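One structure below.
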Amino acid sequence: GNQRIKTGIMGITMVINVVSNLLLIPVLGIPGAAVSALLCFTFMYVAGFFAVRYLTGVTFFDVLLKVGGLFAAGAVMSAVVIILKAFMFWAFAVPVGALVFFIAAFLTRAITVHHLRALRSLISRKSYASSPVSNV
């Protein structure tokens, strides 16, 4: 029954998107569009979180712990890729950076074994498209 809240947040986000694109694209070009998108997604996430936090029981601290771990893992990955790019071609540095990201995400507990099991379960499910069609 919270469709009005979600629709309102999306409407405000649309206005922010149009205005920020009109302001940023002429000045920054394509990076301006990226900044505008990031601004809009951030607004929509934060507004949505505050609108439904009483329904989910998730606190801001819970979200901060998960997001903080992912940001830390991303920062470590970025540093590793930037350092490795000085010594090797970027196409080799990026997979190493991805591996470092997942290791760092495990160490910060932003990704757990439970998450990997759930992902494997989703991937291993048989799709309905692959099952034979009966002639009824």
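When we follow this note's numbering, the leftmost residue of the sequence shown carries the number 536, and every step to the right adds one. For every residue, glycine included, the Cβ atom is placed at its ideal position computed from N, Cα and C. Note that the structure is a prediction, hence the values are computed from the model and not measured.
Val593 sits in coil when the DSSP states are folded into three classes, being neither helix nor strand. Counting of Cβ neighbours within 10 angstroms places Ser613 among the exposed residues, the total staying below 16. Contact annotation: Val615 and Val631 have beta-carbon atoms nearer than 9 angstroms.
In the DSSP annotation of this structure, the continuous segment of the alpha helix (DSSP H) that includes Phe641 starts and ends at 625-642. Judged by DSSP in its simplified three-state form, Ile646 adopts coil rather than helix or strand. The beta carbons of Phe636 and Ala608 sit about 5 angstroms from each other, so the pair counts as a contact at 8 angstroms.
The continuous alpha helix (DSSP H) containing Gly543 extends over residues 538-563.
Contact between the segment 596-605 and the segment 638-658 is present: three or more C-beta pairs spanning the two stretches fall below 8 angstroms. When rounded, the separation of the alpha-carbon atoms in Leu619 and Phe627 is 9 angstroms. In the assembly as shown, Ile617 is an exposed residue. Its beta-carbon has fewer than 16 other beta-carbons within 10 Å. By the neighbour-count definition (other C-beta atoms within 10 Å, threshold 16), Ala621 is an exposed residue.
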